[in-house]
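Engineer: Protein sequence lines correspond, in order, to chains A and B.
When the first sequence is numbered by UniProt numbering, its final residue is 342 and no position is left out of the sequence of numbers.
When the second sequence is numbered by UniProt numbering, its final residue is 342 and no position is left out of the sequence of numbers.
Even glycine gets a Cβ: it sits at the ideal position worked out from N, Cα and C.
2 protein chains.
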Amino acid sequence: MFTRVRMSYQESAPCVAVVGVTGAVGQEFLSVLSDRDFPYRSIKMLASKRSAGKQLSFQDKAYTVEELTEDSFDGVDIALFSAGGSISKKFGPIAVEKGSIVVDNSSAFRMVENVPLVIPEVNPEAMSGIKVGMGKGALIANPNCSTIICLMAATPLHRRAKVTRMVVSTYQAASGAGAAAMEELELQTREVLEGKPPTCKIFSQQYAFNLFSHNAPVLENGYNEEEMKMNDKDVRVTATCIRVPVMRAHAESVNLQFEKPLDEDTARDILKNAPGVVVIDDRASNHFPTPLEVSNKDDVAVGRIRRDVSQDGNHGLDIFVCGDQVRKGAALNAVQIAEMLL
Amino acid sequence: MFTRVRMSYQESAPCVAVVGVTGAVGQEFLSVLSDRDFPYRSIKMLASKRSAGKQLSFQDKAYTVEELTEDSFDGVDIALFSAGGSISKKFGPIAVEKGSIVVDNSSAFRMVENVPLVIPEVNPEAMSGIKVGMGKGALIANPNCSTIICLMAATPLHRRAKVTRMVVSTYQAASGAGAAAMEELELQTREVLEGKPPTCKIFSQQYAFNLFSHNAPVLENGYNEEEMKMNDKDVRVTATCIRVPVMRAHAESVNLQFEKPLDEDTARDILKNAPGVVVIDDRASNHFPTPLEVSNKDDVAVGRIRRDVSQDGNHGLDIFVCGDQVRKGAALNAVQIAEMLL
Chain A
1 MFTRVRMSYQ
11 ESAPCVAVVG
21 VTGAVGQEFL
31 SVLSDRDFPY
41 RSIKMLASKR
51 SAGKQLSFQD
61 KAYTVEELTE
71 DSFDGVDIAL
81 FSAGGSISKK
91 FGPIAVEKGS
101 IVVDNSSAFR
111 MVENVPLVIP
121 EVNPEAMSGI
131 KVGMGKGALI
141 ANPNCSTIIC
151 LMAATPLHRR
161 AKVTRMVVST
171 YQAASGAGAA
181 AMEELELQTR
191 EVLEGKPPTC
201 KIFSQQYAFN
211 LFSHNAPVLE
221 NGYNEEEMKM
231 NDKDVRVTAT
241 CIRVPVMRAH
251 AESVNLQFEK
261 PLDEDTARDI
271 LKNAPGVVVI
281 DDRASNHFPT
291 PLEVSNKDDV
301 AVGRIRRDVS
311 QDGNHGLDIF
321 VCGDQVRKGA
331 ALNAVQIAEM
341 LL
Chain B
1 MFTRVRMSYQ
11 ESAPCVAVVG
21 VTGAVGQEFL
31 SVLSDRDFPY
41 RSIKMLASKR
51 SAGKQLSFQD
61 KAYTVEELTE
71 DSFDGVDIAL
81 FSAGGSISKK
91 FGPIAVEKGS
101 IVVDNSSAFR
111 MVENVPLVIP
121 EVNPEAMSGI
131 KVGMGKGALI
141 ANPNCSTIIC
151 LMAATPLHRR
161 AKVTRMVVST
171 YQAASGAGAA
181 AMEELELQTR
191 EVLEGKPPTC
201 KIFSQQYAFN
211 LFSHNAPVLE
221 NGYNEEEMKM
231 NDKDVRVTAT
241 CIRVPVMRAH
251 AESVNLQFEK
261 PLDEDTARDI
271 LKNAPGVVVI
281 DDRASNHFPT
291 PLEVSNKDDV
301 AVGRIRRDVS
311 QDGNHGLDIF
321 VCGDQVRKGA
331 ALNAVQIAEM
341 LL
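#1: Could you tell me the distance, in whole angstroms, from the CA atom of Ser285/B to the CA atom of Phe212/A?
#2: Between the segment 252-267 of chain A and the segment 169-176 of chain A, are three or more C-beta pairs nearer than 8 Å?
#3: In terms of alpha-carbon separation, which member of Asn215/A, Ser295/A, Arg248/A and Ile337/A lies closest to Thr290/B?
#4: Going straight from the alpha carbon of Glu225/A to that of Leu187/B, what length do you get?
#5: Could you tell me which chain A residues have their CB closer than 7 Å to the CB of Asp308/B, listed as they occur along the chain?
#6: For Cys150/B, does the count of other Cβ atoms within 10 angstroms reach 16, so buried, or fall short, so exposed?
#7: Could you tell me the distance, in whole angstroms, from the CA atom of Leu292/A to the CA atom of Leu46/B?
#8: Does any residue of chain B bring its CB to less than 8 Å from the CB of Asn286/A?
#9: Residues of chain A with CB closer than 8 Å to the CB of Val163/B, please, in chain order.
#10: Give me the subset of the segment 136-151 of chain A whose CB atoms are less than 8 Å from a CB atom of chain B, sorted by chain position.
#11: Confirm, please, whether the CB-CB distance from Leu342/B to Ala267/B is below 8 Å.
#12: Excluding five sequence neighbours on each side, which residues of the same chain lie with their C-beta closer than 7 Å to the C-beta of Pro198/B?
#13: My guess is that Asp77/B and Val132/B are in contact by the Cβ rule of under 8 Å, so how many angstroms apart are they, rounded?
#14: Using a Cβ cut-off of 9 Å, pull out every chain A residue sitting near residue 425/B, in sequence order please.
#15: Shortest alpha-carbon distance to Lys162/B belongs to which of Asp234/B, Val118/B, Tyr40/B and Glu113/B?
#16: According to DSSP, simplified to helix, strand and coil, what is Ala334/A?
#17: Three Cβ pairs or more, each shorter than 8 Å: is that satisfied between the segment 102-114 of chain A and the segment 50-66 of chain A?
#18: Would you call Thr69/B buried or exposed, if buried means 16 or more other Cβ atoms sit within 10 Å of its Cβ?
#19: Would you say Gly26/A touches the ligand ZN, meaning its beta carbon is less than 7 Å from a heavy atom?
#20: Tell me which same chain residues have a C-beta within less than 7 Å of the C-beta of Gly303/A, skipping the five on either side of it?
#21: When the Cα of Asp265/A is compared with those of Gly323/A, Gly316/A and Asn210/A, which residue comes out closest?
#22: I'd like the list of long-range same chain contacts for Gly53/B, defined as Cβ closer than 7 Å, with 5 residues on each side in sequence excluded.
#23: Indicate the three-state DSSP secondary structure (helix, strand or coil) for Gly329/B in the structure shown.
#24: Please name the residue or residues paired with Val103/A in a DSSP beta bridge.
#25: In terms of DSSP beta bridges, what is Thr64/A paired with?
#26: As a quick exercise: from Leu262/B, Ser146/B and Arg159/B, pick the residue whose alpha carbon is nearest that of Arg327/B.
#27: Can you give me, in chain order, the residues of the segment 290-306 of chain B that have a beta carbon less than 8 Å from any beta carbon in chain A?
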């Protein structure tokens with residue numbers, strides 16, 4: 001299933017639409033589709049009216065960005081959405097109505113019954129039966145980026161020893177808030193270094209050389225929406241989501257409690273053999289995963305794998321995980337889902 | 001005990017020495033001593049041979065930095081040390097021999113029996129009986145900066161409900177590795193913004209727009225020394241210590257388990273009344289502690305106070321803590337200890 005599909009433009013291939021193509025994840029959709037030689041008969045570049053008319057190049061061909069309208073999905077087999085929740089809520093069902101299979105990167109459909117929430121390495125079975133050519137549209141949701149990155153490492157361990165509780169603290173990059181947030185971090189950093197007051201448009205406070213609790217709204221229980229997205233019906237999770245001044249890869253400190261014993265060497269072996277995971281865990285040279293090292297990479301990196309000294313026996317582990325937010329946290333996961341539709 | 005001592009230069013006041021005066025913490029010692037009108041008869045500025053001869057100004061008076069030697073402590077009542085563990089190990093006992101009371105900011109004596117490890121708001125009783133004028137020298141250790149910042153918030157809750165286990169993930173500033181690390185972060189950031197390769201002297205890898213596992217040596221159990229410093233004989237602790245590109249204040253995500261139930265409103269009230277602690281916990285406006293907001297401040301800020309949904313009843317809380325690493329994490333705590341010696 002994870003073999004790359006070695007073909008690109010061809011007659012029998014699907015018509016693809018990218019919704020939100022000018023955004024950080026939209027641009028990454030194009031680069032992942034190209035890197036993985038995703039087969040397509042045509043590709044539609046869709047965005048808001050503001051971006052319509054812009055020129056884009058994809059696989060040495062020029063494209064004009066089209067305005068997203070209710071008529072955009074005629075003949076589209078697969079629509080990759082990353083233009084925010086409200087756009088997904090409005091245009092996702094329209095696309096499905098037109099027969100498109102929508103892979104949506106927003107939170108719009110993640111909690112909707114009968115919409116599979118899929119990480120291909122974790123639960124491919126959730127979307128079984130959904131295929132291009134089945135004669136009808138469908139919705140598939142891409143999980144939240146922090147969730148994807150955490151579960152890439154936690155799931156293989158869960159399969160062996162059953163995780164009963166997780167305590168997660170995140171170190172989240174600017175990219176999670178879009179391309180404009182990355183630009184703001186860079187601009188602010190220049191301003192602070194020049195002794196100027198930082199420009200705060202995307203975030204309400206200084207981001208350069210600072211960090212802050214994730215900007216998602218805080219719910220009545222005191223958790224913010226980003227943290228609640230990491231919740232699970234089978235595993236008890238408490239998360240603290242923090243935005244750090246890093247460009248495009250998330251890090252997460254994950255404390256795991258297991259039902260069955262699992263020693264750290266076995267855990268390391270399991271992770272070494274897990275698809276989409278790379279282990280970087282060199283204690284002697286203090287080499288562990290960093291956001292920079294995983295940036296623009298497909299694999300999620302795991303390190304600092306150690307027995308939790310605060311738990312009895314081998315019922316606890318601490319791990320540190322890094323993954324490219326734009327890639328595996330968003331665009332790559334969606335394109336992997338799209339590959340399974342073929 | 002926490003009232004400021006409103007006096008400075010005077011005949012009956014102690015002779016003070018600052019060891020490592022040119023470092024980040026050394027400089028902060030001077031500014032805290034001055035801010036708090038610490039009484040002194042004389043003050044000696046001590047540093048390595050390399051820095052000897054440098055001119056410093058303190059309370060409008062010029063001082064010359066002297067080389068630290070075995071003779072530096074004649075007549076010194078209180079010696080504030082922050083020049084690294086090996087300097088403390090060598091010169092701490094010499095100072096004690098000369099009758100000085102040493103307040104040491106390094107890890108050299110933290111685990112030595114009969115050396116009190118003191119946070120004035122937490123365990124002032126540990127140094128009872130040690131006073132200037134008692135006719136002999138003594139050693140007092142300043143706890144690790146992450147530990148001080150964490151315990152300022154955790155101890156008042158522990159007193160009420162007994163903490164049985166803590167899961168801590170840190171977001172540690174450059175200052176913890178000294179003034180040169182702060183300069184390197186700034187230099188690297190300029191370089192990266194100019195598209196140049198970053199200068200890596202203090203740390204082995206890029207720090208600008210990146211983060212990494214704390215550079216302390218990793219022990220056989222997989223924890224690094226910084227993490228093991230947070231351990232406690234009464235409370236089970238697992239810590240993950242991460243260096244983030246922030247200048248001078250640490251942040252910590254702390255998950256607490258309690259023996260007795262403790263609801264979040266009671267916890268918030270306890271923290272509001274805790275000495276040296278300020279609560280910043282405004283859910284509606286998403287205003288919580290940040291490193292920038294606590295920089296150059298004495299108080300440790302606590303927020304994101306919420307019932308841990310992964311634990312039953314009111315036996316768990318999550319909190320997010322920020323504190324100035326150079327100030328309460330080091331210099332302020334040591335000067336508070338010194339105030340108790342008078």
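Structural biologist: Reading it off the structure:
#1: Taking the straight line from one Cα to the other gives about 13 Å.
#2: yes
#3: Asn215/A
#4: 36 Å
#5: Going along chain A in sequence order, the residues near Asp308/B (Cβ under 7 Å) are Thr238.
#6: buried
#7: 40 Å
#8: For Asn286/A, at least one C-beta of chain B is nearer than 8 Å to its own C-beta.
#9: Within chain A, no residue comes near Val163/B; the closest Cβ sits about 11 Å away, beyond 8 Å.
#10: none
#11: no
#12: Gln188, Glu191, Val192, Gln206 and Ala208
#13: 5 Å
#14: Examination of residue 425/B is not possible in this model, given that chain B is present from 1 through 342 alone.
#15: Distances from the alpha-carbon of Lys162/B to those of Asp234/B, Val118/B, Tyr40/B and Glu113/B put Asp234/B closest.
#16: helix
#17: no
#18: exposed
#19: With respect to the ligand ZN, the structure shown offers nothing to examine, as it has no ligands at all.
#20: Val279, Ile280, Asp281, Phe288, Pro289 and Phe320
#21: Gly316/A
#22: Thr64 and Val65
#23: In the three-state reduction of the DSSP assignment, Gly329/B falls in the helix class.
#24: Leu80/A and Ile140/A
#25: Beta-bridge annotation (DSSP): Thr64/A is paired with Gln55/A.
#26: With distances taken between Cα atoms, Arg327/B lies closest to Ser146/B.
#27: For the segment 290-306 of chain B, the residues whose beta carbon sits under 8 Å from a beta carbon of chain A are, in order, Thr290, Pro291, Leu292, Gly303, Arg304, Ile305 and Arg306.
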